[in-house]
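My numbering numbers the first residue of the sequence shown as 23 and each following residue consecutively.
For every residue, glycine included, the Cβ atom is placed at its ideal position computed from N, Cα and C.
Values in this document were obtained by computation on a predicted structure and should not be read as measured data.
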Amino acid sequence: MADHTREKQYQAHVSLRDSKGFTRLGLRANAAWHADPKRLGIVLARYKFVAKMLSGKARVLEVGVGDGWASRVVKQEVGQLVGIDFDAVFVEDANAAMEEPWAFECRVHDMMDGPVAGGFDAAYALDVLEHIPAADEDVFLANMAASVDAPGVVIIGMPSLESQPYASPGSKEGHVNCKTAPDLKAVMQRHFHEVFIFSMNDEVVHTGFHKLAHYLFALGVGTRAQSRPVTT
Numbered sequence: 023m024a025d026h027t028r029e030k031q032y033q034a035h036v037s038l039r040d041s042k043g044f045t046r047l048g049l050r051a052n053a054a055w056h057a058d059p060k061r062l063g064i065v066l067a068r069y070k071f072v073a074k075m076l077s078g079k080a081r082v083l084e085v086g087v088g089d090g091w092a093s094r095v096v097k098q099e100v101g102q103l104v105g106i107d108f109d110a111v112f113v114e115d116a117n118a119a120m121e122e123p124w125a126f127e128c129r130v131h132d133m134m135d136g137p138v139a140g141g142f143d144a145a146y147a148l149d150v151l152e153h154i155p156a157a158d159e160d161v162f163l164a165n166m167a168a169s170v171d172a173p174g175v176v177i178i179g180m181p182s183l184e185s186q187p188y189a190s191p192g193s194k195e196g197h198v199n200c201k202t203a204p205d206l207k208a209v210m211q212r213h214f215h216e217v218f219i220f221s222m223n224d225e226v227v228h229t230g231f232h233k234l235a236h237y238l239f240a241l242g243v244g245t246r247a248q249s250r251p252v253t254t
């Protein structure tokens, strides 16, 4: 293997390889890289949106962290990040891939079982709510709201209902609760005083016509009193 790059500014890449090895993708990211590589760019764009919306927050909770491969995009912009997931397989994979300076706490917790203590001033869940049955969505969102200190900010990202006829079978697996933008806003308004809706197509976030959006973001600000506390 060649050890010296032709241009000296790239030699640091070789040094990093030799000193730390290569960073591995997580379980889900690895599968996407094999099946649909462009999806990695789209996922990173979703995390970048969250990172910029929550930039400067001291302590942030990610619900449904999965393998955690993209979470460092948020970690880059906030003080502390804690990730939870109800699937121990993904949490173990995320922890196995942790490396400095991007390491963060990641543990098993099912948000349906109750809020997460820890003094969070923001929380987010990407590609999670669509997996929660509609009958349980208020418990899930109330427990998220109860996990953040007032006034609190919570971001929910999910595929739009309109996108589902065009989604791949693998993408649609487990999707039992996709929503239109008005419906997502309505359910969020039951838990937050202010709700802002954004549309997304591939890597582009915008405020355009929601029925043409492939993906939706809802940003809720100011938790409502009735969201605290919730028990299952």
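Judged by their CB atoms, V72 and L103 are not nearer to each other than the 8 angstroms cut-off. Around the beta carbon of V130, a 10 Å sphere encloses fewer than 16 other beta carbons of the protein chains shown; the residue is thus reported as exposed.
Here DSSP, grouped into helix, strand and coil, assigns R28 to coil. Per the coordinates, the alpha-carbon of A156 lies some 16 angstroms from the alpha-carbon of M166. Counting every other CB atom within 10 Å of its CB across the protein chains shown gives H56 a total below 16, marking it as exposed.
Looking only at M222, E184, M120, D143, the smallest Cα-Cα distance to V87 is reached by M120. The continuous alpha helix (DSSP H) containing P204 extends over residues 203 to 211. Here L163 carries a helix assignment [DSSP, helix/strand/coil]. The Cβ-Cβ distance between A125 and D89 does not fall below 8 angstroms. G244 and V161 have their C-alpha atoms roughly 17 angstroms apart.
At least 8 angstroms separates the beta-carbon of V85 from that of I64. Its Cα nearest to that of V150, the residue L238 stands out among G230, L238, Y188. Taking the C-beta atoms as reference points, A208 is found no nearer than 8 angstroms to I219. In terms of CA proximity to S41, Q33 leads the group A53, A145, Q33.
Just so you know, the alpha carbons of P187 and G174 end up roughly 35 angstroms apart.
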